[in-house]
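This report refers to the structure that appears directly beneath it.
In the numbering used here, the protein residues as written are 373 to 729.
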């Protein structure tokens with residue numbers, strides 16, 4: 373079904389407000405991020421221009437993160453302007469229902485929502501990882517690097533890779549390469565490492581080692597060894613990624629890893645479901661905002677209607693962030709915590725759209 377003139381007019385008005393809201397919010401968030409990061413000036417190789425490029429690389433992630441709020445603001449302000457100029461009244465008088473007016477804006481906005489969601493899945497994780505990798509490398513003076521495979525750490529002449537960093541600060545799948553100059557002398561693999569705060573060393577379990585001599589190779593296994601590493605729990609808080617920074621394939625792979633090792637995966641399943649529901653959630657935010665702008669301005673002024681729409685949208689946004697975490701903490705299926713807020717506020721927006729005012 374093609375776009376009518378009225379569809380293009382409503383959609384262009386709302387889209388313009390969404391773009392303006394996105395630009396303003398991203399600029400504010402970028403400035404706040406830059407000011408916050410200035411406290412790290414002088415740490416390692418971090419200088420002013422490094423922070424400028426770091427914040428620039430963070431902007432796509434900030435844009436995707438703030439886009440739902442931009443949809444809310446743009447939808448409420450755009451339709452509010454049409455209502456203030458009595459254009460919505462004329463449209464309704466010509467036979468358009470509230471639902472048709474909202475659908476007219478969605479015809480333009482929904483493809484943009486899908487595009488932003490795809491950017492959030494395909495582009496943002498890679499850019500975020502590249503930005504954080506550069507930051508960690510600079511902050512540590514070249515001792516730490518993060519790749520798609522995991523965390524790489526340089527400790528003197530040793531190179532150490534860590535496959536997984538868990539929320540309890542344990543590390544899994546650790547391989548240590550020990551060199552003598554350019555000659556590889558020893559490779560050790562440990563399934564699990566736990567930090568020992570008493571002696572500030574790591575306790576590694578199920579260690580398999582291979583020693584490369586000048587004329588022979590020796591292999592042995594030990595149930596536990598202690599290693600002293602540059603890495604510690606405080607530094608891991610900087611190096612580790614949040615689940616929201618992972619793409620859908622990475623989340624699925626990580627969930628399989630956790631479940632294969634009998635580790636709780638509800639937190640990451642929640643984040644996975646939220647990524648799938650995100651496009652629908654943004655449409656619901658648009659519906660919530662739009663549902664408040666219809667009606668006579670004699671009874672309720674437009675400023676109050678816009679404010680009410682913003683309050684409803686932010687209430688949904690906050691509920692959608694808090695409730696999913698609460699449900700898996702109390703043992704409920706993660707899908708319930710993700711689906712309930714979206715379904716509830718979708719029904720609420722439809723009720724508001726169909727009210728008699």
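Positions of the beta carbon are idealized from the N, C-alpha and C atoms, including for glycine.
Note that the structure is predicted; figures quoted are calculated from it, not measured.
Where residue i sits in the DSSP three-state scheme
| i | result |
| --- | --- |
| residue 583 | strand |
| residue 379 | helix |
| residue 504 | helix |
| residue 523 | strand |
| residue 415 | coil |
| residue 602 | coil |
Proximity winner among the options, relative to residue i (alpha-carbon distances)
| i | options | result |
| --- | --- | --- |
| residue 577 | 598, 585, 586, 591 | 598 |
| residue 550 | 477, 529, 575, 561 | 529 |
| residue 639 | 700, 399, 473 | 700 |
| residue 556 | 445, 525, 589, 436 | 589 |
| residue 575 | 544, 533, 592 | 544 |
| residue 655 | 397, 435, 628, 440 | 440 |
| residue 570 | 604, 470, 591 | 604 |
| residue 731 | 568, 499, 469 | Within the shown structure, residues of the chain are numbered from 373 to 729, placing residue 731 beyond reach of any answer. |
| residue 433 | 709, 619, 704 | 619 |
| residue 717 | 687, 708, 707, 678 | 687 |
| residue 594 | 644, 624, 563 | 563 |
| residue 652 | 632, 689, 404, 472 | 689 |
| residue 581 | 552, 641, 553, 547 | 547 |
Residue i at chain D interface by Cβ criterion, 9 Å
| i | result |
| --- | --- |
| residue 641 | Of the protein chains in this structure there is only one, and it is not chain D. |
Buried or exposed by the 16-neighbour rule on C-beta atoms within 10 Å, applied to residue i
| i | result |
| --- | --- |
| residue 713 | buried |
| residue 421 | exposed |
| residue 457 | exposed |
| residue 646 | buried |
| residue 492 | buried |
| residue 586 | exposed |
| residue 601 | buried |
| residue 382 | buried |
| residue 507 | buried |
| residue 424 | exposed |
| residue 417 | exposed |
| residue 385 | buried |
| residue 591 | exposed |
| residue 731 | The structure shown does not extend to residue 731, since the chain is modelled only from 373 through 729, so no value can be given for it. |
| residue 649 | buried |
| residue 634 | exposed |
CB of residue i within 9 Å of CB of residue j, strictly
| i | j | result |
| --- | --- | --- |
| residue 662 | residue 448 | yes |
| residue 537 | residue 560 | no |
| residue 665 | residue 489 | no |
| residue 715 | residue 681 | no |
| residue 391 | residue 406 | no |
| residue 450 | residue 476 | no |
| residue 397 | residue 453 | no |
| residue 408 | residue 497 | no |
| residue 393 | residue 445 | yes |
| residue 500 | residue 429 | yes |
| residue 573 | residue 567 | yes |
In chain order, which continuous runs of the alpha helix (DSSP H) of length 4 or greater are located wholly inside the stretch 620-702?
620-632, 638-662, 674-701
Ordered list of alpha helix (DSSP H) runs contained in the stretch 436-497, each at least 4 residues:
459-465, 470-494
What are the start and end residues of each continuous alpha helix (DSSP H) run of 4 or more residues lying completely inside the stretch 541-578, in chain order?
none
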